[in-house]
Amino acid sequence: MSSANPQGLQAFPEELASRESWLEPFDWYREMRDDDPVRYDPDRRTWDVFRYEDVKRILDDDEAFSVNPRLASDFVEPDNPGEGLIFDTMLFQDPPRHDELRGVVDDEFQPRALRERESHFRDLAGDLLDDAVEDGGGRMDVVEDLAYPFPVTVIAELLGVPAENRDRFKRWSDTLVSAASDDEGSEEYAERQQQAQMEMAQYFVEAIGDRRENPRDDLLSQIATAELSDGSTLSREEALGMCILLLVAGNITTTNLIANAVRCFADADEDLFERLRGDERGLTTALEETLRYRSPVQAMTRIATEDVTMRGETVEEGDRVIVWLGSANRDERRFEDADAFRPDRSPNQHLGFGHGTHYCLGAPLARLEAKIALGELLDRAEDLRIADAELRPTRSSFVYGVESLPIRYSERS
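Terminal number for the sequence shown in my numbering: 413, no gaps in between.
Here's what the structure looks like:
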């Protein structure tokens with residue numbers, strides 16, 4: 001299992017192996033929901049689950065479906081110790097250990113705590129956009145100019161590391177979630193992964209050691225010094241794994257939510273950007289629809305801890321199960337007009353941030369960052385439209401977005 005796929009996804013299904021298919025996987029999802037909603041893929045030794053009802057059931061059942069990859073019948077402990085660090089985080093721990101680890105940082109991601117920082121976050125996004133508008137001449141790249149640097153800067157500040165390190169943060173997190181490039185061999189890919197892991201581990205080991213000696217008001221200090229229920233602190237491996245998790249989760253998902261939202265809004269109709277300008281409630285609802293329609297995380301993994309029957313198929317103990325959130329969120333059995341982007345859709349019980357015990361810790365932060373980023377963009381630009389360009393999807397088997405999103409606009413006076 002590679003840390004490039006921290007959810008445990010071994011590879012793309014053959015049906016999504018091309019860039020074109022991963023850019024728009026939704027027709028295949030529909031076909032699978034109708035014809036093969038619970039299917040076993042022998043090439044990946046994995047079950048795939050596509051319907052909303054089944055996906056939600058699996059995410060809701062911690063006893064029958066574990067997040068611990070070590071419970072998989074074919075699990076092999078990685079040779080590189082750095083790859084195993086992520087397994088010690090809350091992402092791969094079941095209750096009650098999950099709850100204890102999450103409690104170390106949970107308070108900092110609650111809406112009340114984030115509201116105190118909202119004005120500062122807005123200044124960060126505004127500064128990025130002012131620079132992009134000044135230099136762009138009516139054109140910018142949403143990913144490069146806003147969706148990537150904004151959340152990286154925010155999570156860097158929350159952790160307590162200098163913002164000038166954000167380029168390294170971006171490179172590390174991109175490497176951890178990326179699949180091999182088209183012209184890259186397995187050895188070259190593994191070497192690139194290990195190099196990123198080593199650099200990141202060294203950086204955070206030094207930072208954690210410093211915070212244990214000189215704690216500050218930041219997440220790194222909280223991670224380094226938090227006292228658990230038994231009076232202990234996190235082990236070095238647990239602290240390091242949590243830093244890595246927060247870096248990746250605090251960066252990649254929000255980047256793609258922001259870019260996916262611009263893509264959705266531009267495709268919806270010509271007037272949507274104008275209607276959402278200054279309408280905070282409308283923007284919030286439209287972002288929820290983005291989370292349903294183009295979910296930044298398309299899939300999650302569970303391991304069956306007992307034999308389970310679903311749709312007439314028997315998932316055996318130790319089997320790996322991939323739940324396709326992106327498919328569940330397009331399920332016609334749950335959402336009316338599911339393949340239409342409806343910015344005013346309400347209610348909207350999407351699974352874009354997962355469900356149950358492992359509902360995304362950073363969901364309030366991602367929602368706030370996206371609302372701020374889009375609001376600030378609309379304050380500065382009008383007549384927004386996606387420029388002519390070939391969109392290329394991110395090469396990750398669970399994160400969904402585009403590598404670049406050039407837009408044209410007119411500067412608001």
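Quick reminder that beta carbons are idealized off the backbone N, C-alpha and C, glycines included.
Nearest by alpha-carbon distance to residue i: which of the options is it?
{"i": "R212", "options": "T233, E187, L368", "result": "T233"}
{"i": "G160", "options": "L176, D127, I223", "result": "I223"}
{"i": "A132", "options": "L287, A381, A64, V399", "result": "A381"}
{"i": "E313", "options": "D36, A125, L405", "result": "D36"}
{"i": "E288", "options": "T175, Y148, N348, E15", "result": "N348"}
{"i": "A268", "options": "V308, K170, P343, R392", "result": "P343"}
{"i": "L384", "options": "S396, F398, L405, P393", "result": "L405"}
{"i": "E157", "options": "P13, R112, N251", "result": "N251"}
{"i": "V38", "options": "F50, G138, W28, Y29", "result": "F50"}
{"i": "R367", "options": "V76, D339, R281", "result": "R281"}
{"i": "D307", "options": "L257, T153, M200, I58", "result": "I58"}
{"i": "F335", "options": "E53, G136, P25", "result": "E53"}
{"i": "H120", "options": "V399, Y409, A373, W324", "result": "A373"}
{"i": "R166", "options": "Y203, R139, E134", "result": "Y203"}
{"i": "E31", "options": "L391, E390, E332, R345", "result": "E332"}
{"i": "N256", "options": "I322, P151, E116, A239", "result": "P151"}
{"i": "R236", "options": "I208, L391, R275, L228", "result": "I208"}
{"i": "V104", "options": "T89, N68, D130", "result": "T89"}
{"i": "P364", "options": "E118, M300, L23", "result": "E118"}
{"i": "A239", "options": "A201, R171, D135, A249", "result": "A201"}
{"i": "L325", "options": "F26, A113, V315, S18", "result": "F26"}
{"i": "R330", "options": "K170, L291, E100, A113", "result": "L291"}
Around the C-beta of residue i, are 16 or more other C-beta atoms found within 10 angstroms, so that it is buried, or is it exposed?
{"i": "Q298", "result": "buried"}
{"i": "H355", "result": "buried"}
{"i": "S173", "result": "buried"}
{"i": "P42", "result": "exposed"}
{"i": "Y359", "result": "exposed"}
{"i": "S3", "result": "Note that S3 scores 32 on pLDDT, short of 50, meaning its location in the model is unreliable; the coordinates nonetheless yield the value given after this. S3 is buried by the Cβ-count criterion."}
{"i": "D388", "result": "exposed"}
{"i": "A338", "result": "buried"}
{"i": "Q197", "result": "buried"}
{"i": "E14", "result": "exposed"}
{"i": "N214", "result": "exposed"}
{"i": "V402", "result": "buried"}
{"i": "A340", "result": "exposed"}
{"i": "R70", "result": "exposed"}
{"i": "Q193", "result": "buried"}
{"i": "G241", "result": "buried"}
{"i": "S327", "result": "buried"}
{"i": "D145", "result": "buried"}
{"i": "G362", "result": "buried"}
{"i": "R294", "result": "buried"}
{"i": "G254", "result": "According to the sequence provided, residue 254 is Thr. The question's Gly does not apply to it. Buried, since its Cβ has 16 or more Cβ neighbours within 10 Å."}
{"i": "S418", "result": "The structure shown does not extend to residue 418, since the chain is modelled only from 1 through 413, so no value can be given for it."}
{"i": "P439", "result": "Because the chain here runs from 1 to 413, residue 439 falls outside it and cannot be looked at."}
{"i": "I407", "result": "buried"}
{"i": "S229", "result": "exposed"}
{"i": "S73", "result": "exposed"}
Could you give the first and the last residue of the continuous beta strand (DSSP E) run that contains residue i?
{"i": "L384", "result": "381-386"}
{"i": "D34", "result": "Taken as a continuous stretch (DSSP letters only), D34 belongs to no beta strand (DSSP E), being part of the alpha helix (DSSP H) at 26-35."}
{"i": "S410", "result": "406-411"}
{"i": "R345", "result": "First-last for R345: undefined, no H or E at that position."}
{"i": "Y400", "result": "From DSSP, Y400 is part of no beta strand (DSSP E); its letter is neither H nor E."}
{"i": "E274", "result": "Careful: E274 lies outside any beta strand (DSSP E), inside the alpha helix (DSSP H) at 272-276."}
{"i": "A40", "result": "Contrary to the premise, residue 40 reads as Tyr rather than Ala in this sequence. Residues 38-41."}
{"i": "V301", "result": "Residue identity differs from the one stated: residue 301 is Thr in this sequence, not Val. Residues 299-304."}
{"i": "T46", "result": "46-49"}
{"i": "E313", "result": "313-315"}
{"i": "T309", "result": "308-310"}
Am I right that residue i and residue j are in contact with their C-beta atoms under 8 Å? What's the rounded C-beta distance?
{"i": "R263", "j": "I155", "result": "R263 to I155, Cβ: 23 Å. No contact."}
{"i": "S66", "j": "R302", "result": "6 Å"}
{"i": "L351", "j": "L245", "result": "20 Å between Cβ atoms; not a contact."}
{"i": "R320", "j": "W47", "result": "7 Å"}
{"i": "T153", "j": "A163", "result": "5 Å"}
{"i": "A259", "j": "V76", "result": "No, A259 and V76 are not in contact; Cβ-Cβ is about 35 Å, not under 8 Å."}
{"i": "Y409", "j": "G138", "result": "6 Å"}
{"i": "D62", "j": "T357", "result": "5 Å"}
Starting from residue i, follow the alpha helix (DSSP H) in both directions and report where the run begins and ends.
{"i": "Y259", "result": "Tyr is not the amino acid found at residue 259; the sequence shown has Ala there. Element bounds for A259: 252-268."}
{"i": "V323", "result": "Unbroken run through V323 is the beta strand (DSSP E), 320-324; no alpha helix (DSSP H)."}
{"i": "E20", "result": "19-23"}
{"i": "R236", "result": "236-249"}
{"i": "A224", "result": "219-225"}
{"i": "T357", "result": "Looking at the DSSP string, T357 is not in any alpha helix (DSSP H), and its letter there is neither H nor E."}
{"i": "I280", "result": "This sequence places Glu at residue 280; Ile is not what is there. Run containing E280: 280-293, per the alpha helix (DSSP H) assignment."}
With a threshold of 8 Å between beta-carbons, can residue i be considered close to chain B, or not?
{"i": "L234", "result": "Of the protein chains in this structure there is only one, and it is not chain B."}
*Note down, one range per segment and in chain order, each alpha helix (DSSP H) of at least 4 residues found wholly within the region 55-121.*
Note on the region 55-121: whole alpha helix (DSSP H) runs with a minimum of 4 residues are 81-84, 97-105, 111-115, in chain order.
_Contained alpha helix (DSSP H) runs [length at least 4] in the region 121-197, N- to C-terminal order_ = Runs found: 149-159, 166-177.
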